[in-house]
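Here is the structure we will look at, set down as structure tokens.
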Amino acid sequence: MKERLQELQQEAVTLVEEANDLKRLQEIRVAYLGKKGPITEVLRGMGKLSAEERPVIGQLANDVRAVIQEKLEAKEQQLEEIEIEKKLSAESIDVTLPGRPVSLGGQHTLSLVVEQIEDIFIGMGFTVAEGPEVETDYYNFEALNLPKDHPARDMQDSFYITNDLLLRTHTSPVQARTMEKYKGQGPVKIICPGKVFRRDDDDATHSHQFMQVEGLYVAENVRMSDLKGVLETFAKKYFGEDRKIRLRPSFFPFTEPSVEVDVSCGMCSGKGCRICKQTGWIEVLGAGMVHPNVLEMSGFDSKKYTGFAFGMGVERLAMLKYDIDDIRHFYTNDYRFLTQFQRER
Ligand code: PHE
Numbered sequence: 033m034k035e036r037l038q039e040l041q042q043e044a045v046t047l048v049e050e051a052n053d054l055k056r057l058q059e060i061r062v063a064y065l066g067k068k069g070p071i072t073e074v075l076r077g078m079g080k081l082s083a084e085e086r087p088v089i090g091q092l093a094n095d096v097r098a099v100i101q102e103k104l105e106a107k108e109q110q111l112e113e114i115e116i117e118k119k120l121s122a123e124s125i126d127v128t129l130p131g132r133p134v135s136l137g138g139q140h141t142l143s144l145v146v147e148q149i150e151d152i153f154i155g156m157g158f159t160v161a162e163g164p165e166v167e168t169d170y171y172n173f174e175a176l177n178l179p180k181d182h183p184a185r186d187m188q189d190s191f192y193i194t195n196d197l198l199l200r201t202h203t204s205p206v207q208a209r210t211m212e213k214y215k216g217q218g219p220v221k222i223i224c225p226g227k228v229f230r231r232d233d234d235d236a237t238h239s240h241q242f243m244q245v246e247g248l249y250v251a252e253n254v255r256m257s258d259l260k261g262v263l264e265t266f267a268k269k270y271f272g273e274d275r276k277i278r279l280r281p282s283f284f285p286f287t288e289p290s291v292e293v294d295v296s297c298g299m300c301s302g303k304g305c306r307i308c309k310q311t312g313w314i315e316v317l318g319a320g321m322v323h324p325n326v327l328e329m330s331g332f333d334s335k336k337y338t339g340f341a342f343g344m345g346v347e348r349l350a351m352l353k354y355d356i357d358d359i360r361h362f363y364t365n366d367y368r369f370l371t372q373f374q375r376e377r
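The opening residue of the sequence shown carries number 33 in my numbering; numbering runs sequentially from there.
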């Protein structure tokens with residue numbers, strides 16, 4: 033029995049030494065030290081031994097167990113260390129490698145241009161207002177002197193959501209909303225940049241979604257010359273000091289008189305070229321003196337107050353300034369296009 037135990041110890045120790053993963057060690061542990069293992073077997077047979085032999089063999093069996101246990105633990109620790117070493121070297125980072133360049137995003141061309149426009153008007157004392165893109169028929173049309181069935185509603189084909197709700201076709205509803213908030217007390221001096229929507233087929237110069245900046249100045253004694261001065265300052269600051277503007281008579285239901293505003297062509301300095309279709313002028317926005325009906329409907333006394341309003345297309349202004357030939361570039365988000373226009377700092 034003694035020999036058998038020593039043999040088992042030798043066997044187990046050799047196996048442990050040869051083992052090279054933790055799973056194998058577990059198998060050896062179960063095989064030799066488990067309840068069905070050979071050592072337990074030996075201990076079971078102890079009943080047959082004499083009283084002198086019993087404690088000797090018992091002691092030996094315990095010693096053998098302890099030796100195997102110890103060997104297993106030592107080997108286990110060794111294997112774990114190897115495992116950790118392996119992991120560490122697999123995950124090691126070479127801090128001397130050069131970094132990968134991170135490309136920083138930039139501002140979208142349209143928000144860039146909107147910021148430029150805002151800066152110019154803020155410099156002239158305007159504040160920036162906002163209004164909802166989903167608008168009621170009342171604010172989009174009626175409050176702007178466009179009653180139901182008015183033929184001029186056709187000037188702006190609309191996306192209706194319900195009978196009474198639509199995607200705003202222009203930023204002019206913000207005029208009415210803002211005047212209502214002021215409760216008949218001027219001055220009101222705001223610009224409102226925002227998205228607008230029209231049922232147009234998209235092509236190089238049309239987009240069913242685009243941006244406008246609305247302007248509104250209502251106070252006592254606001255005159256057409258004030259409108260002209262503000263727009264001239266804007267044109268010079270936005271396009272360049274050498275630019276001029278001219279006003280042509282036009283029609284909008286919410287302004288009277290109404291004008292279309294042209295800026296002198298930057299390509300030929302007004303001499304006439306392909307860009308300005310030989311006229312020397314480029315149309316950039318619509319404007320006019322706020323119609324008395326519009327003032328009254330939004331709670332302003334039209335005998336006391338007068339005002340001007342204008343609306344400009346942001347894409348068009350961007351296209352003219354940066355020589356962009358297709359409005360769809362703004363909405364297809366080609367990185368090569370977008371990164372060409374960054375704010376001068
Ligand atoms: N809302 C007009 C348009 O979208 C532009 C405009 C605004 C004209 C304000 C006059 C005054 O065409």
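Just so it is clear, CB atoms sit at the ideal spot from N, CA and C, and this is done for glycine as well. No experiment lies behind these values; they were computed from the predicted model shown.
Self-check item: DSSP three-state assignment for residue 221, whether helix, strand or coil
Solution: strand
Practice problem: Could you name the residues that DSSP lists as bridge partners for residue 192? | Solution: 198
Practice problem: Would you kindly check if the distance between the Cβ of residue 108 and the Cβ of residue 6 is under 8 Å? | Solution: Since the first and last residues shown for the chain are 33 and 377, residue 6 lies out of range.
Practice problem: For my contact list, residue 300 and residue 312 are in at a C-beta cut-off of 8 Å; report their separation, rounded to the angstrom. | Solution: 7 Å
Quiz prompt | Start-to-end residues for the alpha helix (DSSP H) that takes in residue 256 | solution = 256-271
Quiz prompt | Own chain residues within Cβ distance below 6 Å of residue 305, not counting five before or after | solution = 299
Quiz item: Can we count residue 362 as close to the ligand PHE, meaning its CB is less than 7 Å from some heavy atom?
Solution: no
Practice problem: Taking the CB atoms as reference points, tell me whether residue 167 and residue 205 lie closer together than 8 Å. | Solution: yes
Self-check item: Spatial neighbours of residue 280 in its chain, beta-carbon cut-off 7 Å, leaving aside the 5 residues before and after
Solution: 291, 292 and 294
Quiz prompt | Endpoints, the beta strand (DSSP E) within which residue 243 is located | solution = 241-251
Self-check item: Cβ separation of residue 340 and residue 220, assumed to be a contact under 8 Å, to the nearest whole Å
Solution: Under the criterion of beta carbons closer than 8 Å, residue 340 and residue 220 do not qualify as touching, at roughly 11 Å.
Exercise. Tell me whether residue 141 sits in a helix, a strand or coil according to DSSP, three-state version.
Key: In the structure shown, the three-state DSSP call for residue 141 is helix.
Quiz item: If we count the other Cβ atoms within 10 Å of its Cβ and call it buried at 16 or more, is residue 386 buried or exposed?
Solution: Only positions 33 to 377 of the chain appear in this structure, which leaves residue 386 out of reach.
Quiz item: Hey, quick one: how far does the alpha helix (DSSP H) through residue 329 stretch, first residue to last?
Solution: 324-329
Quiz item: Cβ atoms of residue 243 and residue 389: under 8 Å apart, would you say?
Solution: One cannot answer for residue 389 here, as it falls past the ends of the chain, which runs 33 to 377.
Quiz prompt | residue 50 versus residue 37: straight-line alpha-carbon distance, rounded | solution = Taking the straight line joining both Cα atoms gives about 20 Å.
Quiz item: Does the count of Cβ pairs from the region 66-81 and the region 129-136 closer than 8 Å reach three?
Solution: no
Quiz item: Between which two residues does the beta strand (DSSP E) containing residue 167 stretch?
Solution: 166-168
Exercise. Within its chain, find whatever has a CB closer than 7 Å to the CB of residue 302; leave out the 5 residues flanking it on each side and keep chain order.
Key: 296 and 312
Quiz item: When the Cα of residue 349 is compared with those of 310, 331, 269 and 335, which residue comes out closest?
Solution: 269
Practice problem: Using DSSP bridges, identify the partner residues of residue 342. | Solution: 247 and 319
Quiz item: Under the criterion of a Cβ to heavy atom distance below 7 Å, does residue 342 qualify as lining the ligand PHE?
Solution: yes
Quiz item: Contact check, residue 177 vs residue 325 under 8 Å by CB: the rounded distance?
Solution: Confirmed, Cβ separation roughly 5 Å.
Practice problem: Could you tell me whether the Cβ atoms of residue 359 and residue 238 are closer together than 8 Å? | Solution: yes
Quiz item: Start and end of the beta strand (DSSP E) containing residue 290?
Solution: 287-296
Practice problem: Would you mind stating whether residue 223 and residue 252 have Cβ atoms separated by less than 8 Å? | Solution: no
Quiz prompt | As assigned by DSSP and simplified to three states, the class of residue 183 | solution = helix
Self-check item: Contact under 8 Å by Cβ, residue 144 with residue 373
Solution: Contact flag set, yes.
Quiz prompt | Contact under 8 Å by Cβ, residue 190 with residue 230 | solution = yes
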